[in-house]
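What follows is a short report on a single structure.
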Amino acid sequence: MKPGRRGGLKATTAAGLLLALALTGCSTGTQRATAPAPPSAAAATAQPSLPVRTPAAPAGPVMPASPPVTLSIPVIDVRTDLLHLGLRENGSLEVPEDTGDGTPASWYGGSPTPGERGPSVILGHVNALGGNKGVFADLQKLKTGDEISVSRTDGSTAVFTVDRGALYSKNSFPTFEVYGNTPGPELRLITCDGYDPATGLFDDNYVIYAKLKA
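See below:
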């Protein structure tokens, strides 16, 4: 399955791809540790009955395509290189391998590049092995108006302002609200939350919604 890239998710692939993204999980697998383990992707199966959203009309400034290099969120002291990852053979999202310090974050290469029209998707760990904080451990501290900067391969920087944050159960993840096409360039920062020590799993996702600064 090949994901759509420009302007959001193409209608022909949106149903299966969006479901795969919505079911991205964060679990310890078979490992048990004293601290929650970093995210890992969960398997997903495409459902053809999933509705497809019609692409929105362009609105506001739009930057040309250029892959991201680094992510910076000064207010929570985050600066990280960005890996470029895609989907595994089973349709689940690839996530960054834990390096022990919860970095780096990763850009999902099936989404628009930051600054293009549509929601660009960046994933990061909430924690790391050994009890360390992940790169996105403090996402919930972000407030409306806080700035997020993404440097790009062409030398430009896409600056976004936080619109809102939301916590979602993985069992009721609002797929199109998070990943559906948007009128202008937007950013989604996604991590895990709701660690259950009894199961060793994360039950929730936390999502930051941000829009390109005019």
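Note that the sequence shown ends on residue 213 in numbering that gives the first Met the number 0; no numbers are left out.
C-beta: ideal position from N, C-alpha, C; glycine also.
Nothing here was measured: the structure is a model prediction, and the numbers come from that model.
Straight across, the Cα-Cα distance linking I147 with L82 is about 17 Å. Contact between V61 and P182 is ruled out by a C-beta separation of about 10 Å, above the 8 Å threshold. Taking N170 as reference, the option from G59, G193 and G164 with the minimal CA-CA separation is G193. Annotated as proximal: L122 and V94, with beta-carbon spacing under 8 Å. Annotation for E176: the continuous alpha helix (DSSP H) segment containing it runs T174 to Y178. For the pair F159 and L200, the CB atoms are not nearer than the 8 Å cut-off. In this structure, D162 sits away from Y107, with a CB-CB distance that is not shorter than 8 Å. Pairing A157 with P113 gives a Cβ-Cβ distance under 8 Å. In the three-state scheme derived from DSSP, where H, G and I count as helix and E and B as strand, V74 is classed as helix. Between the alpha carbons of T174 and L188 lies a gap of roughly 14 Å. The residue from G90, D80 and V74 with its alpha-carbon nearest to that of T143 is V74.
T160: member of the beta strand (DSSP E) spanning T156 to S168, first to last residue. Less than 8 Å divides the Cβ of T69 from the Cβ of S150. In the three-state DSSP reduction, L141 falls in the coil class, being neither helix nor strand.
Here H124 is not near D80, since their CB atoms are 8 Å or more apart.
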